Amino acid sequence: MTNRLSNRLIEAIPSRIHRRIFIGSLTFNALIIGIMIGDALFIHPPQPLRSVEVSRNMLFDALPGRDREQVADLLRQDPSFRDLAETNIADLRTVLTAEPFNPSALERLLSEKSERMKTAETLLQTALITRLATLTPIDRRDVAERLGRRP
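No gaps in the numbering here: position 15 of the sequence shown is 15 in my numbering, and each next residue is one more.
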């Protein structure tokens, strides 16, 4: 049977170099597919949390989808939360490219962002507490079980 298979391969690809290239290509494709499957099955560690304190982010992530979306909508409507990234990047670019460089302007800008972060954290905390207070004990237990896992 193996002899018939190799004869059919020889008939399909008469040149020895082309057969080796073909077999090498199949091997390479199997390797790539194996890497992709391994990557898909590998449990990736959670990404570092940004913007707000870890416990608030973890609570937000643990909320059921509909509740998480309601909290996110509330946050999107508040300018202190919404403008954290957008306006600050433009301002940072302006300060960093100004000649002569003004360290006190950068310090002032970073302090302003810190204050906005505190306001945003307070807003998120209030929204989380309000949302969690409306959940049933069973739903809160589910939230507690999901703590630390990404949605």
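No residue lacks a Cβ here, since even glycine has one placed at the ideal position from N, Cα and C.
In this text the structure is predicted, and so the values were computed from the model without any measurement.
Looking at Ala105: is its Cβ nearer than 8 Å to the Cβ of Val71?
Translated into positions along the sequence shown, residue 105 becomes position 105. Translated into positions along the sequence shown, residue 71 becomes position 71. Going by C-beta atoms, Ala105 is not nearer than 8 Å to Val71.
With distances taken Cα to Cα, identify the nearest neighbour of Thr134 among Arg146, Arg66, Phe28 and Ile37.
Within the sequence shown, numbered from 1, the residue matching residue 134 stands at position 134. Closest option to Thr134, Cα to Cα, is Arg66.
Quick check on Leu63: buried or exposed, where buried means 16 or more other Cβ atoms within 10 Å of its Cβ?
Counted from its first residue, the sequence shown places residue 63 at position 63. So Leu63 counts as buried.
Hey, how far is the Cα of Pro103 from the Cα of Ser114?
Locating residue 103 in the sequence shown gives position 103, counting from the first residue. Locating residue 114 in the sequence shown gives position 114, counting from the first residue. Rounded to the nearest angstrom, the two C-alpha atoms are 16 Å apart.
Pull up the CB-CB distance for Arg68 and Gln125, whole angstroms please, since I reckon it's below 8 Å.
By 1-based counting over the sequence shown, the position of residue 68 is 68. By 1-based counting over the sequence shown, the position of residue 125 is 125. About 15 Å; that fails the 8 Å criterion.
Go ahead and label Ala120 buried or exposed: buried means 16 or more other beta carbons lie within 10 angstroms of its beta carbon, across all protein chains shown.
Residue 120 sits at position 120 when you count from the first residue of the sequence shown. It is buried - the Cβ of Ala120 has at least 16 other Cβ atoms within 10 Å.
Measuring straight from C-alpha to C-alpha, what distance separates Val95 and Phe101?
The residue you call residue 95 lines up with position 95 of the sequence shown. The residue you call residue 101 lines up with position 101 of the sequence shown. Answer to the nearest angstrom: the Cα atoms are 7 Å apart.
With burial defined as no fewer than 16 other Cβ atoms inside 10 Å of the residue's Cβ, what is the status of Leu59: buried or exposed?
Counting from one through the sequence shown, the residue named residue 59 turns up at place 59. So Leu59 ends up on the buried side.
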